[in-house]
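Here's the structure, in structure tokens; my notes come after.
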Amino acid sequence: MSEARGMGNGAVKNGVCSSESANGGENMWSCDKSAAASADHLVVMVHGILGSSKDWKFAAEQFVRMIPDKVFVHRSERNMASLTLDGVDVMGDRLAEEILELIKQKPSLRKISFVAHSVGGLVARYVIGRLFLPPRSNNMEDSLPKSCEELSKGTIGGLEPMNFITSATPHLGSRGNKQEGDAMQSEKLHGASSNPTKSILEDVHSSSLDSQTSRAPLDLTLTNRRRGVFGTQVPFLFGSPALETTARLVIHLIFRRTGRHLFLVDKDDGKPPLLKRMIEDYGECYYMYIALAHSFVKSALRSFKRRVAYSNVRHDHIVGWRTSSIRRNSELPKWEDSLNEKYPHIVFEEHCKACDMEQCEPTALANDCSDKLEEELVTGLSRVSWEKVDVSFHSCKLRSAAHSLIQVSLSLSLSLSLSLSVVKDHALHSDGADVIQHMIDHLIL
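Residue numbers (numbering that gives the first Met the number 0): 0 to 444.
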């Protein structure tokens, strides 16, 4: 019996087999036995706050359909729903355990990639710091290797790190990201709404009126008991400095420990905020690099062959363009409608080289709408190269749900005590499917 089939009898759909794993996630692989047998590349998909593995269902199916003989996809679910409020580090510890269990179950796996949405991208960054291993290390408590050569060949849980992909992830945290640059440009090019709640309602209402095919109910309740307060996302702050300041004080009441991590106000045992620790190598976690004999060698994020940040240039009322694309306000590019018919929602691509320590010194903060800590995060993350892919859904009927569309999530984000109908497959799967296609087309296998 093959390893894939041995993971349990599951559903079969359009040539894609799936089953729940013993640890609660869902595995997906090709139903073709020969293709499944040769797939040695583990793709771990991580959902965002108050989400579940269902959020990556469409993308996972596309990965397996298009590269059936290469990938084995695992959609994590150990941190679903309210468990995502326990903190980035706690979620990361759970996910790390989940991945190690899966690797043990499938010894034929050789490579690993991460595809993560929203807060899931921060969780994935934490996880790779936990799972970074020099060669021939058998557990996370092994001491550091003797040579730089050994360090430069590090693995993630024993697998070769390939692609690290995030979409709409608040790499710089969620405080102070008012999107001045993209707001001005968006208003000039396409017009803008000052009320994201109103925008989402108008978009959903328009979609429900225009749809002529089969409909699926859309859950829009403000207090969804199954998912927690505000459904899956919270379009708050509206770019107001006063609201941002207030949010730092009360965020723990809504998003608990995860909220403190996002707003950089956590001070566990006097330690720096977790997101700051994650731009360095802190304790036993090798997040970014290891300094040895005055040289920097690979660890965790640096060990991947490529790192990619997909971000919404506008209409994402949850995660700002600057924080998801790891840019200073002055670095936000000008963008226009896509000219590529294959990827109609991708409006800008940029390949940013890694900068050395001298180049990465924090820049002056004046006139750049940043604070000192955010500048440190930009600087730290810029020590590795990034592919930055900017996305715009300004022409879509459901554009104000951009935070969900960028991952083609089956769930829409806001809940407002309404019961409307949308065309689930067409309205959601057509908008954003090109972003998933772009991920697949550029994946290093």
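Every residue gets a Cβ at the ideal spot worked out from N, C-alpha and C, and that includes glycine.
When we look at the beta-carbon of ALA10 and count the other beta-carbons within 10 Å, is it buried (16 or more) or exposed?
exposed
Apply the 10 Å Cβ neighbour rule to GLY269 and answer buried if 16 or more other Cβ atoms are within range, or exposed otherwise.
exposed
Put MET79 into one of helix, strand or coil per three-state DSSP.
coil
With a floor of 3 residues, list each beta strand (DSSP E) that falls wholly inside the segment 16-95, ordered by position along the chain.
25-29, 40-45, 70-74
By the DSSP assignment, the beta strand (DSSP E) with ALA10 in it spans what residues?
10-12
Just tell me which of GLU373, ALA353, HIS46 has its CA closest to the CA of GLU386.
ALA353
Can you tell me whether ARG326 is helix, strand or coil according to DSSP?
coil
With DSSP run on the structure shown, which of helix, strand or coil describes MET161?
strand
Given that a residue counts as buried once 16 or more other Cβ atoms are within 10 Å of its Cβ, and exposed if not, what is SER112?
buried
Can you give me the C-alpha to C-alpha distance between ARG306 and ASN162, rounded to a whole angstrom?
6 Å
For a test of your reading of the model: does the CB of CYS354 fall under 7 Å from any non-hydrogen atom of the ligand SAH? Yes or no.
In the structure shown, the ligand SAH is absent, as is every other ligand, since no ligand is present at all.
Kindly indicate which residue of SER381, SER75, GLN61 has the alpha-carbon position closest to the one of LYS69.
GLN61
Of the listed residues ARG276, ILE66, LYS12, SER302, nearest to ALA36 (C-alpha basis)
ILE66
Tell me which same chain residues have a C-beta within less than 6 Å of the C-beta of PHE347, skipping the five on either side of it?
PRO332, TRP334, ASP389
Are ILE278 and LEU380 close, meaning C-beta to C-beta below 8 Å?
yes
What does the Cβ neighbour count give for GLY14, buried or exposed, with the cut at 16 atoms within 10 Å?
exposed
Using CA atoms only, rank isn't needed, just tell me which of VAL45, LEU263, VAL434 is closest to MET90.
VAL45
Going by other Cβ atoms of all chains shown within 10 Å of its Cβ, with 16 needed for buried, is LEU132 buried or exposed?
buried
Helix, strand or coil for ARG306? Go by DSSP, reduced to three states.
strand
By the 10 Å Cβ neighbour count, where 16 or more other Cβ atoms means buried, how is LEU338 classified, buried or exposed?
exposed
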